[in-house]
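First the structure, in the form of structure tokens, and then the observations on it.
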Amino acid sequence: MSKNQNKTGSYSFFNCIEKNFDKAARFISIEKGLLEQIKACNSVYRMHFPVKIGKEIKVIEAYRVQHSHHKLPCKGGIRYSMKVNQDEVMTLAALMTYKCAIVDVPFGGAKGGIKIDPQTISSENIEKITRRYTSELIKKNFIGPGIDVPAPDYGTGEREMSWIFDTFLSLRSGDVDALACVTGKPVSQGGVRGRKEATGLGVFYGIRELCHVKEDMYSVGLDVGLVGKKIIIQGLGNVGYHAASFFHESGAIIIALAEREGAIYNEKGLNVSKVFLHLKNNGSILNFPEATNIENTEKALELECDILIPAALENVIHKNNANRIKAKIIGEAANGPITPEADEILDKKGVIIVPDIYLNAGGVTVSYFEWLKNLSHVRYGRMEKKFRENVNAEFLKVIETVCKKKISIEEKKMILRGPREIDLVRSGLEDTMINGFHKIRDLKKSLKIENMRTAAFVLSINKIIDSYEKLGIFP
Ligand code: GLU
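Going by this note's numbering, the first residue of the sequence shown is number 13, and it counts up by one from there.
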């Protein structure tokens, strides 16, 4: 057992990322010390604070980790889960650094976590904990529009982000940029349209792009295109649910959905919105009328399919189940769902793994758009929407005169439309995901890198080195 392995013989989560980093470092010729600096976590803030819950005082354990300051602010979500620990938050912060670099989002990586189970705590108490956590961050200068900007993650959402913003504003009144201290806020409180579904939509764009590359599809014995591909999604949280909806709408077949309590399966395909309604009404996906139950949720990962999307937590595909995975493509919607040992097994089997540091970067990409919106104090599209509509109307007139053809009302509506905020956000996200995919793929080919994960790390590390060089820190 190596010094990095824990008692069960598995690597710590942070060591897993270090392993992936080291594989990429073989393709980068730069002084070792500089690579060590990029790999290291710059600041780790571990805190304990008391919160009165009912008649008792509970001591809450929480974290904020800033992995890299090569670009500021730092950026990354906050998760609420009983599994939160320092190693996990450090790793997730590191992933944020690499992720931001790949999609050209000018932030350093960060992550936060509070060790609570939000499902067993009342919303009043979650609010108390969130507000207290935020004031702890303010005290230590770990939050602010130009310092560190949190966002949602596992177990948190718009509600928590609006409490964070409100607490920040109350302690920093008069800060004209206060809205930019956190992203993932509700639209009514400075959020941007399209943020909620951004990670899931980014996953969809990334996988769709891969499915259109003939060479890659033929290498795993699949046809080109997404239509008809059999997909399994594990995790129906914000990311998994939206990804499933976009895949379903595009003509792919969602054959199984897995949640904590079990999975459901239908070879002919599941109607995602119907499943979601069932989940809302019954508190579980099990016993959905148009599907068969699979009691052991892990078994769902091992079913025959074309694409497997783990969209929940880390380390769900490990050395003990990797050999039984039958998917030809795995899209990492979650952070770190595959351990390094499983990675090697799957690589040998020829599975294409689309790595987390690229595939789930849609969330932070749209967070960047939200942050820009907050700093510019103007909604996307406000300045140009009417102008574009007027220009389009002029174009239409010319077309109708030159072509001597009447254009139907429906066609006119489509052509005249100026861009709304949601259109701009989605096209920005689509462009980012398409570009990111091809940059990784091109690098993989040109340097003959063994897989997409290593290529993504090489791309990311090179970009970070670039920005350190621009700062004049590295010689
Ligand atoms: N929690 C998300 C992630 O892991 C989003 C982070 C953000 O928007 O800052 O990428």
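Virtual Cβ for every residue (Gly too), placed ideally from N, Cα, C.
The structure presented is a predicted model; accordingly, all values stated were derived computationally and were not measured.
Taking the alpha helix (DSSP H) that His330 belongs to, which residues open and close that run? On the sequence shown, position 318 is the one that residue 330 refers to. Taken as a continuous stretch (DSSP letters only), His330 belongs to no alpha helix (DSSP H), as it is neither H nor E.
Please classify Pro301 as buried or exposed, where buried requires at least 16 other C-beta atoms within 10 Å of its C-beta. The count along the sequence shown starts at 1 and reaches residue 301 at position 289. Looking at its Cβ environment, which holds fewer than 16 other Cβ atoms inside 10 Å, Pro301 is exposed.
Any heavy atom of the ligand GLU inside 7 Å of the beta-carbon of Asn347? Locating residue 347 in the sequence shown gives position 335, counting from the first residue. Result yes, Cβ under 7 Å from the ligand GLU.
Minimum C-alpha distance to Glu170 - residue among Val161, Ile141 and Gly203: As a first step, residue 170 must be located in the sequence shown, where it is residue number 158. Ranking the options by Cα distance to Glu170, first place goes to Gly203.
Is any heavy atom of the ligand GLU found at a distance shorter than 7 Å from the C-beta of Thr195? Here residue 195 is taken as the residue at index 183 of the sequence shown, counted from 1. Thr195: yes, Cβ under 7 Å from the ligand GLU.
Who are Glu60's beta bridge partners in DSSP? Translated into positions along the sequence shown, residue 60 becomes position 48. According to the sequence shown, residue 60 is His rather than Glu. Bridge partners of His60: Glu73.
C-alpha distance - Lys397 paired with Ala405, whole-angstrom precision: In the sequence shown, residue 397 corresponds to position 385, counting from 1. In the sequence shown, residue 405 corresponds to position 393, counting from 1. Taken atom to atom, the span from the alpha-carbon of Lys397 to that of Ala405 is near 12 Å.
Within 8 Å, strictly: CB atoms of Val63 and Arg144: Position 51 of the sequence shown, counted from the start, is the residue given in the question as residue 63. Position 132 of the sequence shown, counted from the start, is the residue given in the question as residue 144. Yes, the Cβ-Cβ distance between Val63 and Arg144 is below 8 Å.
What would DSSP say about Asp160, mapped onto helix, strand or coil? Taking the sequence shown and counting its residues from 1, the one referred to as residue 160 is at position 148. Strand, per DSSP.
Going by CA-CA distance only, name the one from Lys83, Asp116, Val403 and Asp165 that's closest to Gly158. Locating residue 158 in the sequence shown gives position 146, counting from the first residue. Looking from the CA of Gly158, the closest CA among Lys83, Asp116, Val403 and Asp165 belongs to Lys83.
Within the region 109-174, note down every full beta strand (DSSP E) run reaching 3 residues or more, in order along the chain. 120-126 and 160-164, all fully within the region 109-174.
Would you check if the distance between the CB atom of Pro154 and the CB atom of Arg76 is smaller than 8 Å? Counting from 1 along the sequence shown, the entry for residue 154 is found at position 142. Counting from 1 along the sequence shown, the entry for residue 76 is found at position 64. Correcting the residue type first, residue 154 is Phe in the shown sequence and not Pro. Taking 8 Å as the cut-off, the beta carbon of Phe154 is found closer than this to the beta carbon of Arg76.
Buried or exposed (CB count within 10 angstroms, at least 16 for buried), Phe399: Translated into positions along the sequence shown, residue 399 becomes position 387. Burial call: exposed.
If you draw a straight line from the alpha carbon of Asp355 to that of Ser388, how long is it in whole angstroms? Your numbering for residue 355 matches position 343 in the sequence shown. Your numbering for residue 388 matches position 376 in the sequence shown. Note on geometry: alpha-carbon atoms of Asp355 and Ser388 lie some 43 Å from one another.
Residue range of the unbroken beta strand (DSSP E) whose run includes Ile364: Translated into positions along the sequence shown, residue 364 becomes position 352. Annotation: the continuous beta strand (DSSP E) that includes Ile364 extends over Ile364 to Val366.
Straight-line gap, Ala346 to Pro85 (C-alpha atoms, nearest Å): What you label residue 346 is simply residue 334 of the sequence shown in a count that begins at 1. What you label residue 85 is simply residue 73 of the sequence shown in a count that begins at 1. Spanning the two alpha carbons is a distance of roughly 23 Å.
Kindly indicate which three-state DSSP category Lys398 falls into: helix, strand or coil? Residue 398 sits at position 386 when you count from the first residue of the sequence shown. Reduced to three states, the DSSP call for Lys398 is helix.
Flag Gly88 as yes when its Cβ comes closer than 7 Å to any non-hydrogen atom of the ligand GLU, and as no otherwise. As a first step, residue 88 must be located in the sequence shown, where it is residue number 76. The answer is yes for Gly88.
Pull the bridge partners of Gln49 from the DSSP assignment, please. Counting from one through the sequence shown, the residue named residue 49 turns up at place 37. DSSP output for Gln49 lists no bridge partner at all.
Beta strand (DSSP E) runs contained entirely in the region 215-295, provided each spans 3 or more residues: 242-246, 265-271 and 274-277
I'd like the list of long-range same chain contacts for Ile42, defined as Cβ closer than 7 Å, with 5 residues on each side in sequence excluded. The residue you call residue 42 lines up with position 30 of the sequence shown. Here the set comprises Ile477.
Any heavy atom of the ligand GLU inside 7 Å of the beta-carbon of Ser379? Locating residue 379 in the sequence shown gives position 367, where the first residue counts as 1. Ser379 Cβ: within cutoff of the ligand GLU.
Would Lys87 and Val376 be called neighbours here (beta carbons separated by less than 8 Å)? Translated into the one-based positions of the sequence shown, residue 87 becomes position 75. Translated into the one-based positions of the sequence shown, residue 376 becomes position 364. Their beta carbons are under 8 Å apart, which means Lys87 touches Val376 by this criterion.
For Pro301: DSSP bridge partner residues: Position 289 of the sequence shown, counting from 1, holds the residue named residue 301. Partner(s): none; Pro301 has no beta bridge.
With Ile319 as the anchor, note down where its beta strand (DSSP E) starts and where it stops. Residue numbering aside, residue 319 sits at position 307 when the sequence shown is read from its first letter. Counting along the chain, the beta strand (DSSP E) containing Ile319 begins and ends at Ile319 to Pro322.
For chain D, is any of its Cβ atoms less than 8 Å away from the one on Gly233? In the structure shown, chain D cannot be found, because there is only a single protein chain.
Should Met108 be listed as close to the ligand ADP, given that the test is whether its C-beta is under 7 Å from any heavy atom? Absence of the ligand ADP is noted for the structure shown, with the ligand GLU being the only ligands found.
When you compare only the Cα positions, how much space is there between Gly240 and Leu436? Locating residue 240 in the sequence shown gives position 228, where the first residue counts as 1. Locating residue 436 in the sequence shown gives position 424, where the first residue counts as 1. Going by the C-alpha atoms only, they are around 29 Å apart.
Where does Glu68 fall in DSSP's three states? In the sequence shown, residue 68 corresponds to position 56, counting from 1. Correct three-state label for Glu68: strand.
Given a threshold of 16 other Cβ atoms within 10 Å of its Cβ, counted over all protein chains shown, does Tyr230 qualify as buried or as exposed? In the sequence shown, residue 230 corresponds to position 218, counting from 1. By the beta-carbon neighbour count (other beta carbons within 10 angstroms, threshold 16), Tyr230 is exposed.
Can the beta-carbon of Cys53 be found less than 8 Å from the beta-carbon of Met108? For the purposes of this step, residue 53 is identified with residue 41 of the sequence shown, where counting begins at 1. For the purposes of this step, residue 108 is identified with residue 96 of the sequence shown, where counting begins at 1. No, the Cβ-Cβ distance between Cys53 and Met108 is not below 8 Å.
Please report the straight-line C-alpha distance between Leu459 and Thr146, rounded to a whole angstrom. Here the question's residue 459 lines up with position 447 in the sequence shown. Here the question's residue 146 lines up with position 134 in the sequence shown. Between Leu459 and Thr146, the C-alpha separation is close to 44 Å.
I need the DSSP call for Gly10, collapsed to helix, strand or coil. With the chain covering only 13 through 487, there is no way to say anything about residue 10.
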